[in-house]
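Start counting the sequence shown at -2; every next residue gets the next number (the working numbering). All C-beta atoms, glycine included, are put in the ideal place defined by N, C-alpha and C. Structure record follows, encoded as structure tokens.
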Amino acid sequence: MSQLKQTLSDNIKVSMKARELERVKVLRNVQSVVKQIEIDRQTELDDAQVLEVLQKQLKQRQESLTIFTENGRDDLATKEQFEIDIINEFMPQQMNQDEIMALVNAEIAEQGATSMRDMGSVMGVLKNKTAGRADPALISKMVKDALQG
């Protein structure tokens, strides 16, 4: 069992004992998504794959939070923010923009990338290096700017 799945399971048990029902509900939801993907793929997910699932769950909730906030649904926005906070506990420390830019520049220099044709190979390496620690859309934008600029 991956370390991240074990941590998730342990947190569910602790939250159940502490009678934190809303927290248990969120954690079980995430755990069920992981298990469903394992059943669909007929394989056990490793930490990197579980991290991808967590990122996807976070992104869905952040999109919902934006929609609820724009439409004045503070009750639903508060619930989404609560879920985001819980899922964030399992995410690695996020990189800041300076760290990401340094990685982008280093990878472009290492590969000798000079044009947009090289973007795919640069992104492929950076995606692995930053897994779970940076937003792929932000990385893509930075790579694009660096290659065009």
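Pick helix, strand or coil for R25, following the three-state DSSP scheme. helix
Given that a residue counts as buried once 16 or more other Cβ atoms are within 10 Å of its Cβ, and exposed if not, what is G129? buried
Quick test of your reading: L48 and V27, contact by CB under 8 Å. State the CB separation rounded to the nearest angstrom. That pair is no contact at about 12 Å.
Is DSSP giving N85 helix, strand or coil here? helix
Nearest-angstrom Cα distance between A15 and E86? 17 Å
Using C-beta distances below 7 Å, list every residue in its chain close to A143, excluding the 5 sequence neighbours before and after it, in chain order. V101, N102, I105
Inspect the CB distances between the segment -1 to 13 and the segment 35 to 49 and report whether three or more fall short of 8 Å. yes
Drop a sphere of 10 angstroms on the beta-carbon of N8, count the other beta-carbons inside from all chains shown, and report buried for 16 or more, exposed for fewer. buried
From D71 to I84, what does the alpha carbon distance come to, in whole angstroms? 20 Å
Is the beta carbon of I81 less than 8 Å from the beta carbon of M139? no
Decide if I136 is buried, meaning its Cβ has at least 16 other Cβ atoms within 10 Å, or exposed. buried
Could you give the residue range of the alpha helix (DSSP H) that holds M120? 116 to 126
Return the Cβ separation of Q91 and A134 in integer angstroms, given the expectation that the two are a contact with Cβ distance under 8 Å. With 8 Å as the limit, Q91 and A134 do not qualify as a contact, their Cβ atoms being about 14 Å apart.
Under the rule that 16 or more other beta-carbon atoms within 10 Å means buried, what is Q46, buried or exposed? buried
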